[in-house]
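In this note's numbering, the protein residues as written are 56 to 771. This report concerns only the one structure given below.
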Ligand code: HDE
């Protein structure tokens, strides 16, 4: 039955999903078999005080269904949020790929995107320090293409065979199932301290990239090197990127921990609300292209997933745009049941021999069989392609397709040889014909042995505040580790990345950096391997730093969709609030009022304004900035309110923009914002909003004044 909800997106996939959408409005309540239910309040009993009868097929059906409502959560990426959207290429990429969805700028390809954290369970907080998944399913006319990426361009390990070890180490410890959604515990750091190949990824995970302000404000990466194939089957190596048009922004660690308590659904809500309010999240698809003949020209191996290609060496070409424009109708049916698989590719896209990618090609199909219960998961509405499906696969749990006719084999003559193979000219998928002439070995290429040069490059490319945050993150994480040897071993690893970093972390831990890292440093090798042959190799990076790696250099010219809290109490200056609201909304931001209580708040001239939140139900960590309009009575009330003072102190501590207009002195003097340095451009105090709205907008667009962190410590 077609939904009554307005379809904001009439893509092919939405039309397809309409056939499964159901809406009970104006309908009788029925059983699953269409029988109308007369009494949904009482089970069938032998007498009104008697036992319930087995005959009650209505109750049994209802409870049985309920008992089976859960499916296994994803072993990784269990916590996530999804949205529908479209993708359009800017200009034909025919030179490098024959993939049809990358040919015609007029062609809109429907997509379903799911963002996630990795380690936490399904009900865990959004703001864990963690990698974020960024998985995109393109429903192309040639079949589904899944780009199953992360918000970090590299990974912890080089070989898929280590993935279960990595995940066992980071998940809650097996004896007591603690801690939830956190890497700050012994087993994780024990593993990492023995696996120097994770050093580069550790830099990313300890950076603020692991604490996104919003899913809409993070980059995405395909991580592995893939291949494009053109009509002539010529291969070009490709790395995929997603570049958010709102820039890449993060929150502070203290803030993240607070958000987890105040609103564990912070990212989920942010994505949902942005789409509901029509502020559609957008990313550009970027590609780094490397000619087949250039495969070996880099100082790292293109097949090594712990390495990125610095943008200085190969620029990212922006080739198209992704827009998320529709929330799911049903979390389970869509976001929970969506099944991504790196092996879902279309003609024109192929794999490299990255050993991590090769292992993933096995894992994703296997995982769907378990989670979704059988081989027909491709028939679930969110997973089924918009391209036609014809083959001789049959039967299995929950089969939906009714295959007609006698023939379920090929070759056949009874069915006229149908369905038949597609020649390449007809869009038949072909793999790149790579020459392979090798010994069958369990070995890692020596070109994978450089574990530190890009970790160093990343650290050196960070701004002062970003470096400070990495140091503090490591102090926090290793500070939570209970076994001293693990800390020492990690300091040995960090000292290979940067002496300065290792010393600062060591100072926080109250122990010295070991003169020489524990040997062997890499303890991941086969029983007959000579440990010396697999130890990290020092390679000097030809780059000192890479601007693209620092969030300092991101987009800072928009406040679109940013949330500003206005602190008000009875007697506030309504005209100031209106003027500021208008100025912020003109730039696409939102202003929400926060008052000492819920209900109606009166302006100084007696007008009624509904408070959006009370100080009990809101917190500064849920906003990007704070505005305080004047009004003598309001300012007096706020100055007397510990919660209001805390709200401003905390926003100040987290380096956010704060603006006050009119006579707000009494309140500001009760907060640390009142003591802000004169050169703090993110604390704006003025008589009139008209004069300062522009400065406030610039301060919000700059995201944070991180310099404030070092100047003054605020006990908020
Ligand atoms: Fe995954 N990964 N992964 N992964 N991964 C899964 O598949 C796996 C890796 C990523 O929103 C699972 O359907 C192995 C890298 C995302 O539904 C599972 C290895 C990258 C998602 C699986 C990796 C990812 C998953 C669990 C090492 C970034 C969530 C549920 C060889 C490029 C997709 C599922 C969603 C999910 C296996 C490493 C991204 C178990 C074996 C590297 C975004 O199949």
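Idealized CB from N, CA, C, for every residue including glycine. Since the structure is predicted, the reported quantities are computational estimates derived from the model, not experimental observations.
Excluding the five sequence neighbours on either side, which residues of its own chain have a C-beta within less than 7 angstroms of the C-beta of residue i, listed in chain order?
i, result
"residue 173", "131, 132, 185, 186 and 188"
"residue 226", "174"
"residue 691", "721"
"residue 239", "531, 532 and 535"
"residue 95", "84"
"residue 137", "167, 168, 169, 383, 389, 390 and 393"
"residue 773", "Nothing about residue 773 can be read from this structure; the chain reaches only from 56 to 771."
"residue 367", "598 and 601"
"residue 765", "none"
"residue 573", "544 and 547"
"residue 772", "The structure shown does not extend to residue 772, since the chain is modelled only from 56 to 771, so the question has no answer here."
"residue 728", "703, 707, 713 and 738"
If you follow the alpha helix (DSSP H) that residue i is in, where does it begin and where does it stop?
i, result
"residue 171", "From DSSP, residue 171 is part of no alpha helix (DSSP H) but of the beta strand (DSSP E) over 164 to 172."
"residue 539", "539 to 552"
"residue 157", "Note, residue 157: premise wrong, no alpha helix (DSSP H); not H, not E."
"residue 706", "697 to 708"
"residue 639", "629 to 641"
Select from the options the residue whose C-alpha is nearest the C-alpha of residue i.
i, options, result
"residue 258", "211, 218, 370 and 286", "211"
"residue 689", "389, 700 and 679", "700"
"residue 549", "178, 248 and 654", "248"
"residue 596", "438, 325, 355 and 404", "355"
"residue 684", "658, 704, 705 and 663", "658"
"residue 179", "554, 233, 208 and 251", "233"
"residue 332", "347, 312, 289 and 379", "379"
"residue 346", "759, 289 and 736", "289"
"residue 681", "644, 662 and 764", "644"
"residue 472", "461, 698 and 89", "461"
"residue 275", "72, 750, 604 and 299", "299"
"residue 775", "666, 713 and 313", "The requested residue 775 is not part of the displayed model; the chain covers only 56 to 771."
"residue 630", "611, 663, 479 and 608", "663"
"residue 144", "89, 150 and 156", "156"
"residue 313", "148, 705 and 759", "705"
"residue 542", "246, 675, 120 and 102", "246"
"residue 653", "668, 341 and 316", "668"
"residue 385", "741, 181, 528 and 72", "72"
Can you tell me where the beta strand (DSSP E) with residue i in it begins and where it stops?
i, result
"residue 596", "No beta strand (DSSP E) contains residue 596, which DSSP labels as neither H nor E."
"residue 143", "135 to 144"
"residue 299", "290 to 299"
"residue 645", "645 to 650"
"residue 338", "337 to 346"
"residue 514", "It is not in any beta strand (DSSP E) - residue 514 instead sits in the alpha helix (DSSP H) that spans 508 to 516."
"residue 254", "Element bounds for residue 254: not the beta strand (DSSP E) but the alpha helix (DSSP H), 254 to 261."
Would you please state the rounded distance, in angstroms, between the beta carbons of residue i and residue j? I believe it to be under 8 angstroms.
i, j, result
"residue 409", "residue 365", "Actually they do not touch by this definition, with Cβ atoms about 18 angstroms apart."
"residue 301", "residue 615", "6 angstroms"
"residue 678", "residue 620", "4 angstroms"
"residue 374", "residue 154", "At roughly 11 angstroms, the Cβ-Cβ gap does not stay under 8 angstroms, so residue 374 and residue 154 are not in contact."
"residue 140", "residue 381", "7 angstroms"
"residue 622", "residue 723", "Residue 622 to residue 723, Cβ: 11 angstroms. No contact."
"residue 236", "residue 183", "4 angstroms"
"residue 626", "residue 686", "5 angstroms"
"residue 431", "residue 453", "5 angstroms"
"residue 666", "residue 648", "5 angstroms"
Just to confirm my understanding: we take residue i, look at its own chain, exclude 5 residues before and 5 after, and list those with CB closer than 6 angstroms. What are they?
i, result
"residue 651", "624, 670 and 696"
"residue 61", "Note on residue 61: pLDDT 48, under 50, position unreliable in the model; the coordinate value appears next. No residues qualify anywhere along the chain."
"residue 750", "739"
"residue 68", "165, 194 and 441"
"residue 761", "520 and 710"
Keeping to the same chain, check which residues put their C-beta closer than 8 angstroms to that of residue i; ignore five residues upstream and five downstream.
i, result
"residue 99", "107, 108, 110, 111, 113 and 114"
"residue 526", "556, 559, 560 and 563"
"residue 79", "none"
"residue 344", "151, 283, 291, 292, 293, 369 and 372"
"residue 511", "552, 553 and 596"
Is residue i near the ligand GTP, going by C-beta to nearest heavy atom under 7 angstroms?
i, result
"residue 171", "Only the ligand HDE can be found as ligands here, which leaves the ligand GTP out of the picture."
Three-pair Cβ contact test at 8 angstroms for the segment 154 to 166 versus the segment 112 to 121: no
Meets three-Cβ-pair contact criterion under 8 angstroms: the segment 580 to 596 and the segment 280 to 293: no
Cβ pair count under 8 angstroms reaching 3, the segment 461 to 468 against the segment 482 to 489: The segment 461 to 468, when compared against the segment 482 to 489, does not touch it at the 8 angstroms Cβ threshold.
The segment 494 to 508 touching the segment 303 to 312, judged by at least three CB pairs closer than 8 angstroms: no
Stretch pair the segment 530 to 539 + the segment 511 to 520: three plus CB contacts closer than 8 angstroms: no
Stretch pair the segment 409 to 425 + the segment 445 to 458: three plus CB contacts closer than 8 angstroms: no
Segment contact flag, the segment 198 to 212 with the segment 320 to 336, C-beta cutoff 8 angstroms, min 3 pairs: no
Cβ contact check for the segment 252 to 267 and the segment 207 to 221: 3 or more pairs under 8 angstroms: yes
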